[in-house]
Amino acid sequence: MRESLWQESSVLRTHQWYLLEQYFLHSAVTCSNQEIFLLIVVCSSPENRTRRNAIRQTWGNATASRGYSVLTVFAVGKAASPSTQLEIQEENQRHQDIIEGSFIDSPQTQTQKMLMSVEWTVIFCPRARYILHTAQDVFVGVPSLAGYLLSLTQQEDIYLGRVVHHGVPNRDPQSPGFVPIHQYPQEFYPDFCHGSAFLISQDVARKVFVAAREVPLALPPAAFVGICAKRAGISARHSSRFAGDKHISYNPCCYKFIFTSSDMREDELFKDWKETTFHFGFSSAISTCYFKGG
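In the working numbering, the protein residues as written are 230 to 523.
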């Protein structure tokens, strides 16, 4: 069992991380020597096994197309409860798709979880061409997203999602998302992709990982990635096919086009995925679906 321990030495806004290349618990499905077309990393909470199972049985069940692999994994922090921690270990033994950090999963460690998932991607899945980071309440239209990715002529410097312009740091000291001025003195964040779901290419994952050494973890996860990307010379690109925090009710035409829909109930995941596969012939292999993605 390998642990990922980050040691921090900071002066005001500067954080220096010393990577020990270990994980408390990581997925046995490492893909160092495997070509992965699309890696999907779902930021999950340790207690939400039911939601993870719902994803595994719906859009997370998409695995390959025309020789292009699709892999879905879940990123969690360590559970505060020993019983939940044991359940996580048993769940991972069964599914081998959980990346778990050594930090306690909490609202204050979500940026650390994001950074951990980027680290895991760079170290253990370096041949993943594209990486989608998404929240656990999101429906992902894997076939439409894959179809779009296959149409790209430029496969590098990709940082794509629903772009947030002039995001304002939370200055409320009573809020869990409080960002002190000494950590981030600017009035606005640079453009960044909404945290519900965004796509990066492997080279951008590496650049974000390197730039993260100089960016404070006190920032929200999505803004953190945007700042790291800007430091690396990468600009966020907007796509209206990402829903952001919007919930989009199912209809065939819409779900053929969109990449994501947020705030999904578990029963909706099953219903909408069933409708999607019925109307468009999608399957876990999605080999016949790529040309249908808009």
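For every residue, glycine included, the Cβ atom is placed at its ideal position computed from N, Cα and C.
### Query
Under a Cβ-count criterion, where at least 16 other Cβ atoms within 10 Å of its own Cβ denotes burial, should A309 be classed as buried or exposed?
Locating residue 309 in the sequence shown gives position 80, counting from the first residue. With fewer than 16 other Cβ atoms within 10 Å, it is exposed.
### Message
Using CA atoms only, rank isn't needed, just tell me which of Q341, V433 and L428 is closest to H467.
### Response
In the sequence shown, residue 467 corresponds to position 238, counting from 1. Ranking the options by Cα distance to H467, first place goes to L428.
### Query
Is the segment 338–358 in contact with the segment 308–326, if contact means three or more CB pairs nearer than 8 Å?
No, the segment 338–358 is not in contact with the segment 308–326.
### Query
Is G390 closer than 8 Å to H423 when the C-beta atoms are compared?
For the purposes of this step, residue 423 is taken as the residue at position 194 of the sequence shown. For the purposes of this step, residue 390 is taken as the residue at position 161 of the sequence shown. Taking a C-beta distance under 8 Å as the contact criterion, H423 and G390 qualify as a contact pair.
### Task
Check whether the segment 436–443 touches the segment 403–418, taking contact to mean three or more Cβ pairs, one atom from each stretch, closer than 8 Å.
As far as the Cβ criterion goes, the segment 436–443 does not touch the segment 403–418, which means the pair count is below three.
### Task
Report buried or exposed for T505, applying the criterion of at least 16 other Cβ atoms within 10 angstroms of its Cβ.
Against the sequence shown, residue 505 aligns to sequence position 276. Buried, by the Cβ-count rule.
### Query
Hey, which unbroken runs of the beta strand (DSSP E) at 3 residues or more fall wholly within the segment 325–353?
Contiguous beta strand (DSSP E) elements confined to the segment 325–353 occur at 327–333, taking only those with 3 or more residues.
### Message
Suppose you measure from the CA of N282 to the CA of V302; what does that come to, to the nearest Å?
### Response
The residue given as residue 282 occupies position 53 in the sequence shown. The residue given as residue 302 occupies position 73 in the sequence shown. The straight-line gap from Cα to Cα measures roughly 12 Å.
### Message
Using 8 Å as the cut-off, can you tell me whether the segment 315–330 makes contact with the segment 376–391, which would need three or more C-beta pairs spanning the two stretches below that distance?
### Response
Contact fails between the segment 315–330 and the segment 376–391, because fewer than three Cβ pairs, one in each stretch, are under 8 Å apart.
### Query
Alpha carbon to alpha carbon, how far is N262 from A375?
Here the question's residue 262 lines up with position 33 in the sequence shown. Here the question's residue 375 lines up with position 146 in the sequence shown. Rounded to the nearest angstrom, the two C-alpha atoms are 21 Å apart.
### Query
Between which two residues does the alpha helix (DSSP H) containing K475 stretch?
Here the question's residue 475 lines up with position 246 in the sequence shown. Where K475 is concerned, there is no enclosing alpha helix (DSSP H), given that its DSSP letter is neither H nor E.
### Rounded C-alpha distance that separates Q339 from A458
Counted from its first residue, the sequence shown places residue 339 at position 110. Counted from its first residue, the sequence shown places residue 458 at position 229. Cα-Cα distance, rounded: 18 Å.
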